[in-house]
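A.B. asks: If you scroll down you'll find the structure; I have some questions about it.
Protein chains: 2
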Amino acid sequence: MRSLGQRIELLKVIAHPARIKILEELVKGVKCVSDLGEFLDISQPNISQHLSLLRTFGIIDYYQDGRLRCYYLIDPIIPDLLEILKKDYRESLPGPSCCPVTKRGTYPGERRR
Amino acid sequence: MRSLGQRIELLKVIAHPARIKILEELVKGVKCVSDLGEFLDISQPNISQHLSLLRTFGIIDYYQDGRLRCYYLIDPIIPDLLEILKKDYRESLPGPSCCPVTKRGTYPGERRR
DNA sequence: TTCAAATATAATAATATTATAATATATGCA
DNA sequence: TGCATATATTATAATATTATTATATTTGAA
């Protein structure tokens, strides 16, 4: 299982508009850099930097085809994570019921008098 | 559904050791600030800041019990997200099969000669 | 063998995030 | 009323993230 630190690193890496767009695209299939460039409105070096970061964290990899680099997903958590993020949650969680307990006492009976 | 921007904000908010610990604790139930303080080794004002940030983003809320503030989860995506992050994924995704296609041509037949 | 295309790297300036330190507020109790 | 407890707010210094700019590398083709 991922350590706390690893889980946080993963979230940080995904939490960027360019990188999440790249990942959403790669979920659909392999894409070379210039294909990605067509829908990311950032500079070519910047795309490279984001791809490099994603690769450093073991989230994607590539194979070389002539002058093209074709990137693809390798981390299996990504499709699941992206799916949940898009899921439509209608309701808030239920608030705490009448008498929640903490280490410091019971509410409201014990603590309030 | 959450917009891209909202999804990124959400990820950023969770991607912090103190905040993810707070959320993992609140998934189990209500906790007041001093209860949270017992397992977070950061200063009291810092805890307050993180709680305030989580509340600003509509992830948690609180009720007041005397001098205590009792925080609880309200965003229903959080338990699902935390669960996935802890899930044990054994295998990498399968690499691309023999002839992936991009807008710029077919591999390897068409492009490599 | 030179050239252009495709992509990467490195340095840096701009910006955002974070923890710290100091202070403030609110509540219950003596 | 006055004090201690529980928590929040504000300003700021330290640090991390990001985009930009300039340059480098690799490959296929003329």
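As you go down the protein sequences, you meet chains S and W in turn.
Going by my numbering, the first sequence opens with residue 1291, and the numbers climb by one from there.
Going by my numbering, the second sequence opens with residue 1291, and the numbers climb by one from there.
Idealized CB from N, CA, C, for every residue including glycine.
Are the segment 1378–1386 of chain S and the segment 1316–1328 of chain S touching by the rule of at least three beta carbon pairs closer than 8 Å?
C.D. replies: Verdict: no, contact absent.
A.B. asks: Run through DSSP, which three-state label would residue 1376/W get?
C.D. replies: Numbered from 1 along the second sequence, position 86 holds the residue referred to as residue 1376/W. Residue state, collapsed to three classes: helix.
A.B. asks: Starting from residue 1325/S, follow the alpha helix (DSSP H) in both directions and report where the run begins and ends.
C.D. replies: For the purposes of this step, residue 1325/S is taken as the residue at position 35 of the first sequence. Note, residue 1325/S: alpha helix (DSSP H), 1323–1327.
A.B. asks: Suppose you measure from the CA of residue 1307/S to the CA of residue 1298/W; what does that come to, to the nearest Å?
C.D. replies: For the purposes of this step, residue 1307/S is taken as residue 17 along the first sequence, with counting starting at 1. For the purposes of this step, residue 1298/W is taken as residue 8 along the second sequence, with counting starting at 1. Between residue 1307/S and residue 1298/W, the C-alpha separation is close to 7 Å.
A.B. asks: Only counting the same chain, and skipping five residues up and downstream in sequence, which positions put a Cβ closer than 7 Å to that of residue 1315/S?
C.D. replies: Position 25 of the first sequence, counting from 1, holds the residue named residue 1315/S. Hits under 7 Å: 1321 and 1326.
A.B. asks: From this set, 1369/W, 1386/W, 1340/W and 1376/W, which residue's C-alpha is nearest residue 1294/S's C-alpha?
C.D. replies: In the first sequence, residue 1294/S corresponds to position 4, counting from 1. Of 1369/W, 1386/W, 1340/W and 1376/W, the residue nearest in Cα terms is 1376/W.
A.B. asks: As a quick exercise: from 1340/S, 1386/S, 1338/S and 1310/S, pick the residue whose alpha carbon is nearest that of residue 1355/W.
C.D. replies: For the purposes of this step, residue 1355/W is taken as residue 65 along the second sequence, with counting starting at 1. Per the Cα distances, 1386/S.
A.B. asks: Against residue 1305/W, what residues of chain S qualify as contacts under a CB-to-CB distance less than 7 Å, listed in chain order?
C.D. replies: The count along the second sequence starts at 1 and reaches residue 1305/W at position 15. Neighbours of residue 1305/W on chain S, chain order: 1298, 1301, 1302 and 1305.
A.B. asks: Run through the segment 1309–1362 of chain W for me and flag every whole alpha helix (DSSP H) of 4 or more residues, listed as ranges in chain order.
C.D. replies: Here the runs fully enclosed are 1323–1327 and 1334–1346.
A.B. asks: Output yes if chain W places a C-beta closer than 9 Å to the C-beta of residue 1375/S; else output no.
C.D. replies: The sequence position of residue 1375/S within the first sequence is 85, counting from 1. Yes, residue 1375/S counts as interfacial toward chain W.
A.B. asks: State yes or no: is the beta carbon of residue 1378/W nearer than 9 Å to at least one beta carbon in chain S?
C.D. replies: The residue labelled residue 1378/W in the question sits at position 88 within the second sequence. For residue 1378/W, the answer is yes, since a Cβ of chain S falls inside 9 Å of its Cβ.
A.B. asks: Residue 1299/W by DSSP, collapsed to three states: which one?
C.D. replies: The count along the second sequence starts at 1 and reaches residue 1299/W at position 9. Here residue 1299/W sits in helix by DSSP.
A.B. asks: Report yes or no: is there a C-beta of chain W within less than 9 Å of the C-beta of residue 1366/S?
C.D. replies: Position 76 of the first sequence, counted from the first residue, corresponds to residue 1366/S. Yes, residue 1366/S lies at the interface with chain W (some Cβ there is under 9 Å from its Cβ).
A.B. asks: Ignore the nearest five residues each way along the sequence and tell me which others in residue 1253/W's own chain have a CB closer than 6 Å to its CB.
C.D. replies: This structure leaves residue 1253/W out entirely; chain W is present only between 1291 and 1403.
A.B. asks: Check whether chain W comes within 9 Å of residue 1338/S, counting only Cβ atoms and requiring the distance to be less than that.
C.D. replies: In the first sequence, the residue the question calls residue 1338/S occupies position 48. Not closer than 9 Å to any Cβ of chain W, the Cβ of residue 1338/S fails to qualify, so no.
A.B. asks: Give me the Cα-Cα distance between residue 1292/S and residue 1357/W, rounded to the nearest whole angstrom.
C.D. replies: Here residue 1292/S is taken as the residue at index 2 of the first sequence, counted from 1. Here residue 1357/W is taken as the residue at index 67 of the second sequence, counted from 1. C-alpha separation (whole angstroms): 37 Å.
A.B. asks: Where does residue 1370/S sit, in a helix, a strand or coil, going by DSSP?
C.D. replies: Position 80 of the first sequence holds residue 1370/S. Helix at residue 1370/S.
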